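Here is the structure we will look at.
Written out as structure tokens, the structure is:
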């Protein structure tokens, strides 16, 4: 599970970075609204996955072996 979440997280971060670079290089490619919505959505998903990963890691540390 941890690997899947990390892969998804990296994928979303890459997608966000690509959109940001693309917008910076060619602002006419996206409308500002479209750019804002896409980046906002990706940022929220990244935050959710990071929190999930933190919770999972905390759980793993607390779990008796």
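In this note's numbering, the protein residues as written are -16 to 48. Using N, Cα and C, we set each Cβ at its ideal position, and we do this for glycine too. Since the structure is predicted, the reported quantities are computational estimates derived from the model, not experimental observations.
Cβ neighbour criterion (16 or more within 10 Å) applied to residue i
| i | result |
| --- | --- |
| residue -5 | buried |
Spatially closest choice to residue i from the options, by CA coordinates
| i | options | result |
| --- | --- | --- |
| residue 22 | 9, 36, -2 | -2 |
| residue -12 | 44, 46, 31 | 31 |
| residue 25 | -10, -14, 0, -16 | 0 |
| residue 28 | 7, 43, -7, 41 | -7 |
| residue 2 | 44, 41, 45, 20 | 20 |
- beta strand (DSSP E) segments (min. 3 residues) lying fully within the region -4 to 42: none
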